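Taking it in order: structure first as structure tokens, then the write-up.
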Amino acid sequence: MKKIVLTSLFLSLAVFIFSLLSPLLRPPESVFPPPPDGEELPYAGKLTGTDDAGITVRALIGGETETMNMHDYLVGVLAAEMPASFETEALRAQAAAARTYTLYKMLYGPSDNHPEADVCDDISCCKAYASDDDMHNNWGEDYEKYRAKMENAVASTDGVCITYSGQPALAVFHSFSPGMTESSENTWGGYLPYLRSVFSPETENDVPEYFSGLTVPISDFESAVEAVHPEAVFSEGASPFSDDAVYSESGRLMSVTAGGVSLSGTEIRSLFGLRSAAFTMEFTGDAVVFTCRGSGHGVGMSQYGANVYAKEGWDYREILLHYYEGAELKTIGEMNLR
Ligand SMILES: [Zn+2]
């Protein structure tokens with residue numbers, strides 16, 4: 008396991024990482040959020056396309072707002088979000104999840120970070136995006152083969168979305184889970200009926216770097232907590248956290264007391280840039296050692312889990328309805344978009 012000892016740059020790095028991750032921590036307010044500040048929803052009554060080619064997406068890419076149809080946007084998202092070597096059914100599931108997420112953003116208002124665009128290419132805010140040049144650089148001589156694979160995954164699921172009550176769901180996804188995904192309220196504090204904790208089949212045999220670790224000198228640990236909780240008080244020589252850690256059923260840390268302050272696993276994950284909230288903490292006398300499993304917020308579809316299911320013969324519909332339990336699959340044309 009790779010362990011990194013952070014230097015004096017630690018605090019500024021932690022604050023930087025927290026600022027990057029903070030949009031991910033924003034709770035979904037309800038199944039379908041109200042328009043921001045009572046404004047009219049940006050696409051109210053304007054989304055008339057019934058397939059990917061008929062939906063225009065405004066995407067902030069490399070700092071510039073580009074306009075393209077949903078098909079082209081999703082090909083770029085797929086190329087950036089999932090390895091091209093993944094199974095076709097996993098790529099199809101990913102295409103439908105990314106399409107649904109994009110429509111959700113369009114319908115319920117873009118991020119405060121970019122009111123001029125529906126989505127951006129910052130993974131801490133929206134979804135990654137690969138341009139055609141990026142694909143050439145990443146795939147080299149396999150460009151034609153992989154580009155065709157991505158195009159096919161998008162085209163063969165044209166318009167398919169994950170829906171709840173006839174509307175696009177908040178179809179979030181993550182890299183991989185340690186055995187189970189997480190329920191939305193355990194990560195964001197907001198309950199969404201289709202974002203429940205479910206089994207996810209990937210193991211260390213399926214995922215590179217299944218385990219990750221981080222060693223934080225005790226003074227850096229305490230400074231990081233004090234920076235966001237000035238009321239925290241630490242005793243010299245003692246463990247900076249109590250042995251009262253509470254874990255969710257999925258193995259992610261829900262809460263632990265540090266310096267007399269109750270911290271959530273999600274908060275600690277952000278503070279120290281951990282790959283997931285499924286971690287243990289060990290005090291060694293002069294440092295805190297984190298051992299982490301999983302990557303990402305853990306809510307919705309696991310990308311590596313989707314690939315394992317695809318290898319087992321599941322089709323993309325089965326994969327989606329497993330990870331978005333209680334949702335329904337509909338095409339854009341079958342939805343009555345508000
Ligand atoms: Zn964004």
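With my numbering applied, the sequence shown covers 8 to 345. Ideal Cβ placement from N, Cα and C applies to all residues, glycine included. On a predicted model such as this, the values are computed, not experimentally measured, just so you know.
Closest option to S262, judged by alpha-carbon separation, among T210, A285, V240: A285. With respect to the C-alpha of D165, the residue from G61, S283, G280, T291 having the closest C-alpha is G61. At a threshold of 6 Å, S118 counts as near ligand 1, since its beta carbon sits closer than that to one of the ligand's heavy atoms. A Cβ-Cβ separation of about 6 Å places V161 in contact with L85 under the 8 Å criterion. Looking at the backbone, the Cα of A105 and that of L81 are separated by about 7 Å.
E233 is positioned such that its CB atom lies no closer than 7 Å to that of V306. The three-state secondary structure of N120, taken from DSSP, is coil. Around the C-beta of S249, fewer than 16 other C-beta atoms lie within 10 Å, and the residue is accordingly described as exposed. Counting only residues of its own chain and dropping the five nearest sequence neighbours on each side, W146 has a CB closer than 6 Å to the CB of Y153. In this structure, the CA atom of G340 is about 26 Å from the CA atom of A135. Relative to the Cα of Y330, the nearest Cα in the group T298, K318, E319, A313 belongs to A313. Between A66 and A294, the alpha-carbon positions lie close to 43 Å from each other. For ligand 1, a non-hydrogen atom lies closer than 6 Å to the CB of C127. Ligand 1 approaches C132 closely enough that one of its heavy atoms is under 6 Å from the residue's Cβ. Taking a contact as a CB-CB distance under 8 Å, the pair V64 and D141 does not count as one, their CB atoms being some 18 Å apart. The count of Cβ pairs closer than 8 Å, one atom from the region 168-177 and one from the region 265-283, stays below three, leaving the stretches out of contact.
If you draw a straight line from the Cα of G69 to the Cα of R99, it comes to about 26 Å.
Taking the Cα of S131 as reference, the smallest distance to any Cα among P208, S271, H304, F297 is reached at H304.
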